[in-house]
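Have a look at the structure below, then the notes.
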Amino acid sequence: MLSLTCQTAIKAVIFLASKIESDEKMGIPVIAAEIGASVHTVGKLLQTLVKADVIESSKGPTGGFYMTKAQLKQPILQIVMAIDGADVFKRCGLGLSKCAATHPCPIHYDYKEVRDRFEQLCKNRKIADLCAPLTEGVSFLIG
């Protein structure tokens, strides 16, 4: 459902959120290593997330990427919208360009139900909600 880039963006944001208490600013190579992604991909998507106000960045020798406490309260939807856009919640499960209730694909109704539930999850779950299991050591971003 989500693009690989969007999945990577969510992992990067969760990782940054896990560093908020230590007040650390993280560089692209560290983030990429911690989430198992390429430096190039992470660099591009972090800039997109900064432009969308999902995360912050600062330049200079002590610069890097970080999050504010207010940003932790954002729904996961903000990340999805910044990377994949609203279309992700409208796409056909089989990739058909013309799939609707009036012209459904074989999995249309089942997929629509899953897609709608996932959209609600993205709207209701906050970044902080996904960060807590990571900081408690019960979930992982790589593996």
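Start counting the sequence shown at 25; every next residue gets the next number (my numbering). For each residue, glycine too, the CB sits at the ideal point set by N, CA and C.
Which term fits Gln-95, buried or exposed, when burial requires 16 or more other beta carbons within 10 angstroms of its beta carbon?
buried
Whose C-beta lies closer than 8 Å to the C-beta of Thr-29 among residues of the same chain, with five residues either side of it excluded?
Thr-65, Leu-69, Ile-107, Asp-108
On the three-state DSSP scale, how would you describe Pro-99?
strand
I need the DSSP call for Glu-137, collapsed to helix, strand or coil.
helix
Determine the contact status of Ile-166 and Gln-98, defining contact as a CB-CB distance below 8 Å.
no
Are Ile-38 and Leu-73 close, meaning C-beta to C-beta below 8 Å?
no
Compute the Euclidean distance between the alpha carbons of Met-50 and His-127, then round it to the nearest angstrom.
48 Å
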